[in-house]
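Below: one structure, written as C-alpha cells.
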Amino acid sequence: MSAGREEHTPVNGMMLSRFKQFLGTSIYDGHTRHRICKSLERSQMSLYTILTAKNLFDRMKKHLPGYIKRMEQKALSDVDRFMCGKRKKELEKVLSNEYLLFIGCTIISSKIYMDLSYTNFSWIEICHHGVDQINAAERQILQVLEYNVGLQWIELKKMYDEFGMMPSEALTNQVEVKQRKGFFKWAFGSLFRFISCVDT
Numbered sequence: 016m017s018a019g020r021e022e023h024t025p026v027n028g029m030m031l032s033r034f035k036q037f038l039g040t041s042i043y044d045g046h047t048r049h050r051i052c053k054s055l056e057r058s059q060m061s062l063y064t065i066l067t068a069k070n071l072f073d074r075m076k077k078h079l080p081g082y083i084k085r086m087e088q089k090a091l092s093d094v095d096r097f098m099c100g101k102r103k104k105e106l107e108k109v110l111s112n113e114y115l116l117f118i119g120c121t122i123i124s125s126k127i128y129m130d131l132s133y134t135n136f137s138w139i140e141i142c143h144h145g146v147d148q149i150n151a152a153e154r155q156i157l158q159v160l161e162y163n164v165g166l167q168w169i170e171l172k173k174m175y176d177e178f179g180m181m182p183s184e185a186l187t188n189q190v191e192v193k194q195r196k197g198f199f200k201w202a203f204g205s206l207f208r209f210i211s212c213v214d215t
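Going left to right, the sequence shown walks through residues 16 to 215 as the working numbering numbers them.
Below, the structure is given as C-alpha cells:
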C-alpha cells in the first residue's frame, strides 16, 4: 500500500480526541485510552499508523484463544508443558497491560509504514516502559498473529469510514487517486526505461 505525504502527517489534537472515543470499541478503560493517546501525541504518529495499530490490536485479541489452544496442544512432553506454562505466564503478563499491548501494535504498525521508524529504545521515552517490556509485547503480538501483520487497503478504508474522520468521497479522492498516480508513474517509468534500453 503506497501512501502520500498527507497520510503520514502526524495526528492533531482533534483527531486524537476522536481516536480516543473510537478506541473505546477495543479498550474499555478510559484511563488506559487517555494514556495511549498521550503517548501517540508524543510519538507524532500518523492516522494511518494508529488505525493500523488498532486493527492489529483487535486482530490479536481475536486470534488469542486459538493461539493459546495451539500452544497447549503442542506441549506433549513434560519439558514442552513446562515451556508452554512459561510462555503462557509471559503472555498473561503482557496481556494484562492493554496500554503496553497497544503501544506494541503501534510500534509494529510504524515499522510497516516508515522506512526510518523509531527504535524500540526510542519508545522508552514515549511510553515510560523498559525496552525488555516493549520487546516482549512486540514479540507476543507477532507470535499471536503468526507474523501476519499486513493490512489490505479495503480494510484500512473501512476503518477510515468507521472512524468518520473524512467522508468516503474525500478519502477516495485523497488516497486512491494518489495510489493510481503512483502506479502509473511506476509503470510509465519502467516502460520508458525499457524503451531507452531497446533504443541503445
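Just so it is clear, CB atoms sit at the ideal spot from N, CA and C, and this is done for glycine as well.
(request) Could you check what DSSP says for Ser132 in three-state terms: helix, strand or coil? (result) Counting from 1 along the sequence shown, the entry for residue 132 is found at position 117. Coil, per DSSP.
(message) Using only the alpha-carbon positions, how far apart do Tyr114 and Lys173 sit?
(response) Working through the sequence shown from its first residue, we reach residue 114 at position 99. Working through the sequence shown from its first residue, we reach residue 173 at position 158. Each residue's Cα considered, the two are about 24 Å apart.
(request) Buried or exposed for Asn27, please, with buried defined as at least 16 other CB atoms from any protein chain shown within 10 angstroms of its CB. (result) The residue you call residue 27 lines up with position 12 of the sequence shown. Its Cβ having fewer than 16 others within 10 Å, Asn27 is exposed.
(request) Going by CA-CA distance only, name the one from Thr24, Ser132, Ile51 that's closest to Phe37. (result) Within the sequence shown, numbered from 1, the residue matching residue 37 stands at position 22. Answer by Cα proximity: Ile51.
(message) Given this structure, state the Cα-to-Cα distance separating Arg74 from Ser137, to the nearest angstrom.
(response) As a first step, residue 74 must be located in the sequence shown, where it is residue number 59. As a first step, residue 137 must be located in the sequence shown, where it is residue number 122. Going by the C-alpha atoms only, they are around 26 Å apart.
(request) Have a look at Ala68 and Glu87 and give me their C-alpha separation to the nearest angstrom. (result) Here residue 68 is taken as the residue at index 53 of the sequence shown, counted from 1. Here residue 87 is taken as the residue at index 72 of the sequence shown, counted from 1. Each residue's Cα considered, the two are about 28 Å apart.
(message) Run through the DSSP bridge pairs and tell me what Pro25 is partnered with.
(response) Walking along the sequence shown from the start, residue 25 turns up at place 10. In the DSSP output, where bridge partners are listed per residue, Pro25 has Ser61.
(request) Buried or exposed for Arg85, please, with buried defined as at least 16 other CB atoms from any protein chain shown within 10 angstroms of its CB. (result) Taking the sequence shown and counting its residues from 1, the one referred to as residue 85 is at position 70. The residue is exposed, with fewer than 16 neighbouring Cβ atoms inside 10 Å.
(request) Please report how far the alpha carbon of Val109 lies from the alpha carbon of Ala152, in whole angstroms. (result) Within the sequence shown, residue 109 is the residue found at index 94, counting from 1. Within the sequence shown, residue 152 is the residue found at index 137, counting from 1. Cα to Cα, the separation comes out at about 6 Å.
(message) Taking the straight line between their C-alpha atoms, what separation do you get for Gly145 and Asp176?
(response) For the purposes of this step, residue 145 is taken as the residue at position 130 of the sequence shown. For the purposes of this step, residue 176 is taken as the residue at position 161 of the sequence shown. Approximately 35 Å between the Cα atoms of the pair.
(message) Would Thr121 and Ile65 qualify as a contact pair, given that the criterion is a beta-carbon distance under 8 Å?
(response) Residue numbering aside, residue 121 sits at position 106 when the sequence shown is read from its first letter. Residue numbering aside, residue 65 sits at position 50 when the sequence shown is read from its first letter. Cβ distance < 8 Å, so Thr121 and Ile65 count as in contact.
(message) According to DSSP, simplified to helix, strand and coil, what is His46?
(response) As a working note, residue 46 is residue 31 in the sequence shown. Three-state DSSP puts His46 in a helix.
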